[in-house]
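Each residue of the sequence shown is one higher than the one before, counting from 208 in the working numbering. This report refers to the structure that appears directly beneath it.
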Amino acid sequence: MGKAKSAADALRLGSERSAVKESNIINGELVHRTLQPAVERNYKKMMEFWLEYQRIETKASVHDLESLKDFMRKVAYGIDGEDAEDQEFDVPGWETVRKYWNAFTAAWQRAYPTESIPRGIAQSVTEFIKGPLAEEMGMPKHKRRRRFATKNVMLNYARQLWAADWIEHKCPATLVDDWGLLLGNTYSSSRIGEYIESSCRAGTGRGLHFKDLTFVAFVNEEGTPEFAIQLTRDAKNMTSTPNKRPQHALYEGKEAGLLCFNPMLPFLARILAYGAFRDYRTIDDLLAITPPEGEMWVIQWKDHLLETPFFRSQSGKDIETAGAFSHRLRSLGLRAGYPTPPRHHDIRAEGLHLMNQFESEATRMVYAGHTDPNTLATHYLPRNGADGQAAYHGQERRTLVLDLFRGLTIPRNPRLWQCLPAKKQYDFDNSPEIVNIKQELLKLRGIKEKGLLEYRKKLYTENRKLIAERLRKWQKNQPVKHDDPPGYHRAIFERVRFLMPERDRLSQNLFVVDKL
208 MGKAKSAADA
218 LRLGSERSAV
228 KESNIINGEL
238 VHRTLQPAVE
248 RNYKKMMEFW
258 LEYQRIETKA
268 SVHDLESLKD
278 FMRKVAYGID
288 GEDAEDQEFD
298 VPGWETVRKY
308 WNAFTAAWQR
318 AYPTESIPRG
328 IAQSVTEFIK
338 GPLAEEMGMP
348 KHKRRRRFAT
358 KNVMLNYARQ
368 LWAADWIEHK
378 CPATLVDDWG
388 LLLGNTYSSS
398 RIGEYIESSC
408 RAGTGRGLHF
418 KDLTFVAFVN
428 EEGTPEFAIQ
438 LTRDAKNMTS
448 TPNKRPQHAL
458 YEGKEAGLLC
468 FNPMLPFLAR
478 ILAYGAFRDY
488 RTIDDLLAIT
498 PPEGEMWVIQ
508 WKDHLLETPF
518 FRSQSGKDIE
528 TAGAFSHRLR
538 SLGLRAGYPT
548 PPRHHDIRAE
558 GLHLMNQFES
568 EATRMVYAGH
578 TDPNTLATHY
588 LPRNGADGQA
598 AYHGQERRTL
608 VLDLFRGLTI
618 PRNPRLWQCL
628 PAKKQYDFDN
638 SPEIVNIKQE
648 LLKLRGIKEK
658 GLLEYRKKLY
668 TENRKLIAER
678 LRKWQKNQPV
688 KHDDPPGYHR
698 AIFERVRFLM
708 PERDRLSQNL
718 FVVDKL
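Structure follows, in structure tokens:
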């Protein structure tokens, strides 16, 4: 290390070196932090709302508290909540409206940095949303209660997907990809957009690529060869710190278990279908590997695949999107008998709760991708995690009762109807809304004008939406009787499975307790 330079020498040297490069980055423009695409869209939307409001209310100003209150009141009434079946529209939560307000203030600050909304006015509007506006609209005062997708949920998903499903996918590989992704997410407690493209990162292509995977063979504790794969998550808030991204190992397991829960099956199937290994082509080649004792034998990828997404969309070679996957996962949940299917964060919550029982706080925070130690207790842990009765009597803590009660957070009806009963379907088909849509569609039959074709498409979309809403309302109110006979949808697989020998074998073999 050389002698320290004086301030004059360092500045002179810097001036000489920088003068060599032509640069136009030195100017009087403000530099803002880079936004994720979804955040940028939200900012743009809120600015469009304000400009439209100003067009109607010509005297509106961001420095006028009355204008801002009226603006946010109109925005709040324009938000569609989670469900809108029992009333004209579903009321959003006050925190949802507050997020809209925060997006507007942030967007305004970026667009007009010299005309900032005064802090006192901004805080007053926040309190207005939380108080008078929430009371007027009857906004929920709390968030939805945390739910937990326990192992029983995953088992019911597996049985539905592999041994009972009546859905024919456009691409047969969809089942393998979706199950592999679901197991990967479950065993790493990841967010939905960390292995595939998140809606917040739309168009970026970010997610799990082959360069983020390490596939190995090793000798396990029992002295037998075993495969494992390590996944590097493109975790939230770690764009600028890729070295801190969590890594998760998936493996065959040293003990026998249900094969449907073995992550190596879907991952190996997809890898071999890609022909991704540089030095091995078939499963027989892989099974012939004899790993060295105490070390891992790394199986290399083909170089041209390193930047390729591992989970690809069903329509091309682009990375799978969280929107498409979550839509298929929700549909699977409905078919599996869940009137309100678990969300992806319910799967993550269960994983983090279980991890909290085994690992230290530091390890758990790295595993979860958290930077705040309070995040787990505040947002993820169940409210019934302690056995007070056993503690009082000095007995061993019972986990079974607590686990079963935790599973009740996602109720299931094994005989959940997948279509309306005949009487309700008849009433629906003859309702004024559907009759009007059918009449409009009849008028448009044979029309090829572009504008009218768009209108017809809109009518079909509205028709599907009304059908889905009516079915969802019926499913939520359907009586739960465990001795009800299965409906046609649930019987069809059993009746036709013999026509599909491969599917028939899968539906049996995946539920065998064994090792690879």
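Where a beta carbon is used, it is the ideal one built from N, C-alpha and C, also for glycine. Being a predicted model, the structure only gives us computed values, none of them experimental.
Pair within 8 Å by beta-carbon distance, LEU415 and LEU438: yes
Distance between LEU237 and TYR394 (C-alpha atoms, nearest Å): Between TYR394 and LEU237, the C-alpha separation is close to 44 Å.
Residues of its chain near ASN249, where Cβ-Cβ distance is below 6 Å and the 5 sequence neighbours each way are ignored: ALA310
Helix, strand or coil at PRO499 according to DSSP, with G and I counted as helix: coil
GLU295 burial status per 10 Å Cβ neighbour count (16 or more: buried): Note that GLU295 scores 47 on pLDDT, short of 50, meaning its location in the model is unreliable; the coordinates nonetheless yield the value given after this. Per the 10 Å Cβ criterion, exposed.
Segments assigned beta strand (DSSP E), at least 3 residues, entirely inside the segment 530 to 589: none
Buried or exposed by the 16-neighbour rule on C-beta atoms within 10 Å, applied to ASP293: A caution first: ASP293 carries a pLDDT of 43, below 50, which makes its placement in the model unreliable, though a value can still be read off. It is exposed - the Cβ of ASP293 has fewer than 16 other Cβ atoms within 10 Å.
Pairwise C-alpha distance: PRO299 and ALA291: Caution is warranted here: a pLDDT of 42 is assigned to ALA291, below 50, making its placement in the model unreliable, and no coordinate value can be reported.
Residues near LYS210 by beta carbon distance below 8 Å, same chain, minus five either side: So the list is empty, once near-sequence residues are dropped.
Inter-residue Cα distance where the pair is CYS626 and GLN682: 9 Å
Same chain only: Cβ atoms within 6 Å of ASN670, ignoring 5 sequence neighbours per side: ILE644
Contact check, ILE641 vs LEU609, beta carbons under 8 Å: no
Touch test, the segment 360 to 369 against the segment 467 to 480, Cβ-Cβ under 8 Å, three pairs minimum: yes
For LEU388, the nearest candidate out of PHE517, GLU566, ILE233 and LEU678 (CA to CA): PHE517
GLU462 vs GLU433 beta-carbon contact at 8 Å: The answer is no: Cβ separation not under 8 Å.
Same chain, Cβ closer than 7 Å to ILE554, five either side skipped, listed in chain order: ALA356, ASN392 and THR393
Exposed unless 16 or more other CB atoms sit within 10 angstroms - verdict on MET279: buried
Proximity to LEU472 [Cα-Cα], best of GLU223, LEU713, GLU701 and LYS228: LEU713
Backbone CA spacing between PHE635 and MET346 [nearest angstrom]: 31 Å
Three-state class that DSSP yields for TRP315 in the structure shown: helix
Enclosing beta strand (DSSP E) for ILE436 [first to last residue]: 432 to 439
Span of the alpha helix (DSSP H) around PHE635: In the DSSP annotation of this structure, the continuous segment of the alpha helix (DSSP H) that includes PHE635 starts and ends at 629 to 636.
Segments of 3+ residues assigned as beta strand (DSSP E) that fall wholly inside the segment 388 to 451: Segments of the beta strand (DSSP E) lying fully in the segment 388 to 451: 420 to 426 and 432 to 439.
Chain-order list of residues whose beta-carbon lies under 7 Å from that of GLN727 (same chain, five-residue window excluded): Summary: the structure shown does not reach residue 727, with the chain confined to residues 208 through 723, and so no result is reported for it.
DSSP beta-bridge partners of ASP721: GLY464
8 Å Cβ shell around TRP301 - same chain, five flanking residues per side excluded: ILE336, LYS337, LEU340, ALA341, MET346, PRO347 and LYS348
Beta-ladder partner(s) of PHE516, from DSSP: It should be noted that the sequence gives Pro, not Phe, for residue 516. Paired residues: HIS416.
Where PHE484 falls: helix, strand or coil (DSSP): strand
Element boundaries [alpha helix (DSSP H), containing LEU457]: LEU457 -> not in any alpha helix (DSSP H); beta strand (DSSP E) instead, spanning 454 to 458.
Nearest-angstrom Cβ-Cβ length linking THR312 and ILE324, presumed shorter than 8 Å: 6 Å
CB of ALA529 within 8 Å of CB of GLU404, strictly: yes
Within 8 Å, strictly: CB atoms of ALA597 and ARG590: no
One or two residues paired with THR321 in a DSSP bridge: According to DSSP, THR321 bridges with nothing at all.
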